[in-house]
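In order, the protein sequence lines correspond to chains A and B. The first sequence maps to residues 1 to 336 in full-length UniProt numbering. The second sequence maps to residues 1 to 336 in full-length UniProt numbering. Glycine is no exception: its CB is placed at the ideal position from the N, C-alpha and C atoms. Single-structure report; data block below.
Protein chains: 2
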Amino acid sequence: MLSDRVRMDAYYNSIFRNKSHFLDKVVLDVGTGSGILAIWSAQAGAKKVYAVEATKMTDHARELVRANNLEGIVEVIEGSIEDVILPEKVDVIISEWMGYFLLRESMFDSVICARDRWLKPTGVMYPSHARMWLAPIRSGLGDHKMSDYEGSMDDWQYFVKNTKNHYGVDMSILTKPFSEEQKKYYLQTSLWNNLHPNQVIGTPAVVKEIDCLTVTVEEILVVTANVSSSIIKEETRLCGFSGWFDVHFRGSKENPAEEEIELTTEPSEENGTHWGQQVFLIHPPTHVCSGDDLNINFAMSRSKENHRLMEVDLGCEVKQSSGKLLQSFKHKFFIE
Amino acid sequence: MLSDRVRMDAYYNSIFRNKSHFLDKVVLDVGTGSGILAIWSAQAGAKKVYAVEATKMTDHARELVRANNLEGIVEVIEGSIEDVILPEKVDVIISEWMGYFLLRESMFDSVICARDRWLKPTGVMYPSHARMWLAPIRSGLGDHKMSDYEGSMDDWQYFVKNTKNHYGVDMSILTKPFSEEQKKYYLQTSLWNNLHPNQVIGTPAVVKEIDCLTVTVEEILVVTANVSSSIIKEETRLCGFSGWFDVHFRGSKENPAEEEIELTTEPSEENGTHWGQQVFLIHPPTHVCSGDDLNINFAMSRSKENHRLMEVDLGCEVKQSSGKLLQSFKHKFFIE
Ligand SMILES: Nc1ncnc2c1ncn2[C@@H]1O[C@H](CSCC[C@H](N)C(=O)O)[C@@H](O)[C@H]1O
Ligand SMILES: Nc1ncnc2c1ncn2[C@@H]1O[C@H](CSCC[C@H](N)C(=O)O)[C@@H](O)[C@H]1O
């Protein structure tokens, strides 16, 4: 998303405020798309940039590189990073690999593969760190979704009656699978949203921290966390949870950034991103008060049908500050 | 679309008003989906129905067959019709294979394959005939699409300026490919619409007639026609063309239907279908009068990238009844 200003600024600043990481260095841009990160790397002084892209976007990237007089520096290579052979190891791997709630799309697997094959032992990752966040929220979306679901079931019932009366076929046996499919679609599929910060009703918790220099694919296949959150609004409805991420550009321990840059996709009035947040709704909402504590069990794994999509199990206990258990639930969600 | 009443009625009537075609016969339902056509065939007296479906919908079809006490008659088979081996040849092939503007999806190829492999020489096809229609129309959609396109190009220009000023990268070289992509999307992609009959401003013309019993795949790979249409509205704007189809259930020559049934997707106030019509818009619209004649050159072929999608070349000469040429144009469209 070239028009996501927050995203563009973060990458731009991470490069141009840390020019020493790029000056006379060899850089690999994993998934270069239009080529923008490769071009910035070259403008910041890189002596060579390998810009790898799996799709035909390479045509555009090549044109853009030429139009910006960088064809001596930036080499656009069409192919999957998993298959590409570079003539040398690189000092920097830069990539914009983040999907919804960080890991959707699973593109980070490809960046890890690139790192293990092509990054020098002294190399740095751009970004260098990533975190996944979870927080309780309030939202009117749940009521809408529930009434969409109910409307769809009403239509179905009407259809079943009609099919029996007009066409002599009894379809009622399919009511249960149909209802489950609709529930999955309307109630269990996470939603994209740019929340207002005041919709966050409890302290956000980190459910995963990733050091991009050392993490393995195995360590991100399943993300589990047991975290707590305290309600910070006087009286409100707990309508669900919101997940987002941030990444940091810190360089490495031996080679720290001159200026650390953060890219966050947290709820924000002014600085929303195209990633927004993922919203997991619970039905019905629960009444909660300031000081109530949530004990949250979070588990995210890849969908069996499509490893680029995710399944989330979210369990929660709501307790008063006295320790009294108010509510406990467990729901399954799908990040589609 | 089980909730498309026009579709359901046509298939239902084609079966139950032609019971002699089904009584004690062997039937093949190509792409049975929920199993509805197979169940009707059995209810009309078929002694055996093979219900073939490529997807997991077979689970539902099987349940439905059982719930309607037809497991002795209807055999649900999971697999592509191209791969399935039946133990015998069949008397009837029934299938609901029609896509937008008849041929989108290219599922008819599979029905032809089934026919050549499994239909007895005396067998009948349900439906037995199909036609594609084209007619000149007026529509306000073109103005909307044009302003969407212009808006998108304005955004792009702003983006290019901004990227140059803030991020030091000149993207203007991509203006041409971007504009072509946007043109394709907003102006050259056919639209789904259920038109009002009075939006049809000229006599509709048949661009293709298909006898489902004899047609070959080669004969539908490319559909070309040179047809004419007379404007029937006093004074109006020619905004584009609309394509739709009808199919007929007539049985075969040796074995004609007792009652011929028609399923049409033409513009209709009351009997719209989920297929609607495909609309091909021209920019800008042309002023036309009653009696003007259109000479239309139509060619539809399959998209190189995806043979289930279509490309359409539409050329048109607009002539006054005096013979004077008012306008002539040629446009390319995509049925996506
Ligand atoms: N395994 C892989 N090998 C090469 N390119 C990949 C890839 N997986 C994803 N990509 C590409 O990575 C890009 C991610 S989007 C980011 C584009 C660009 N770097 C920018 O910041 O604007 C997409 O263009 C996608 O096609
Ligand atoms: N080659 C093929 N072999 C088997 N099934 C196919 C097929 N091509 C398409 N289909 C199936 O054909 C169906 C067409 S939709 C029609 C469904 C059903 N007969 C009804 O009238 O309601 C889809 O379910 C699709 O999965």
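When beta bridges are read from the DSSP output, residue 170 (chain A) appears opposite no residue. Relative to residue 24 (chain A), the option among A:174, A:61, A:49 whose CA is nearest is A:49. In terms of Cβ geometry, residue 174 (chain A) and residue 75 (chain B) do not form a close pair [threshold 8 Å].
For the pair residue 336 (chain A) and residue 183 (chain A), the Cα-to-Cα distance works out to about 14 Å.
Within 7 Å of the C-beta of residue 80 (chain B) there is at least one heavy atom belonging to ligand 2. For residue 42 (chain A), the CB stays at least 7 Å from every heavy atom of ligand 1. The beta carbon of residue 189 (chain A) sits no closer than 7 Å to any heavy atom of ligand 1.
At a cut-off of 8 Å between beta carbons, residue 8 (chain A) contacts chain B. Within the region 120-200 of chain B, the complete alpha helix (DSSP H) segments at least 4 residues long are 141-167, 175-183, listed from N- to C-terminus.
Around the C-beta of residue 206 (chain B), fewer than 16 other C-beta atoms lie within 10 Å, and the residue is accordingly described as exposed. About 6 Å separates the beta carbon of residue 65 (chain B) from that of residue 35 (chain B), a gap short enough to meet the 8 Å contact definition.
Sequence-distant partners of residue 192 (chain B) (beyond 5 residues in either direction) whose C-beta falls short of 6 Å from its own C-beta, in its chain, are 276. Residue pairing of residue 224 (chain B) in beta bridges, as defined by DSSP: B:299.
For residue 67 (chain B), the neighbours in chain A by C-beta distance under 7 Å run, in chain order, 170, 173. For residue 21 (chain B), no CB of chain A lies under 8 Å from its own CB, so it is not counted at the interface with that chain. Using a CB distance cut-off of 8 Å, residue 199 (chain B) does not count as an interface residue toward chain A. Per the coordinates, the alpha-carbon of residue 254 (chain A) lies some 16 Å from the alpha-carbon of residue 93 (chain A). Residue 37 (chain A) and residue 11 (chain B) have their C-alpha atoms spaced approximately 57 Å apart. Scanning its chain for C-beta atoms nearer than 6 Å, with the 5 sequence neighbours on each side dropped, one finds around residue 291 (chain B) the residues 321, in chain order. Residue environment: residue 218 (chain B) is assigned as exposed (fewer than 16 neighbouring CB atoms within 10 Å of its CB, all protein chains considered).
Closest in alpha carbon position to residue 45 (chain B), among B:120, B:22, B:325, B:274, is B:22.
In this structure, DSSP gives residue 110 (chain A) a helical state, which the three-state scheme calls helix.
Within chain A, the residues 169 have their CB atoms less than 8 Å from the CB of residue 39 (chain B), given in chain order. Residue pairing for residue 313 (chain A): DSSP places it in a beta bridge opposite A:299, A:332.
For residue 63 (chain B), the enclosing alpha helix (DSSP H) starts and ends at 57-67.
Across the structure, residue 138 (chain B) and residue 279 (chain B) are spaced so that their CA atoms are roughly 10 Å apart. Of the candidates A:311, A:180, A:140, the residue whose Cα lies closest to the Cα of residue 156 (chain A) is A:180. Going by beta carbons, residue 214 (chain B) and residue 288 (chain B) fall outside the 8 Å limit. Residues of the same chain with a CB within less than 6 Å of the CB of residue 300 (chain A), apart from the 5 flanking positions on each side, are 223, 310, 312 in chain order. Counted as a single uninterrupted DSSP element, the stretch harbouring residue 86 (chain A) is not any alpha helix (DSSP H), since DSSP gives it neither H nor E.
Within chain B, the residues 166, 167, 168 have their CB atoms less than 9 Å from the CB of residue 12 (chain A), given in chain order.
In terms of Cβ geometry, residue 133 (chain A) and residue 266 (chain A) form a close pair [threshold 8 Å].
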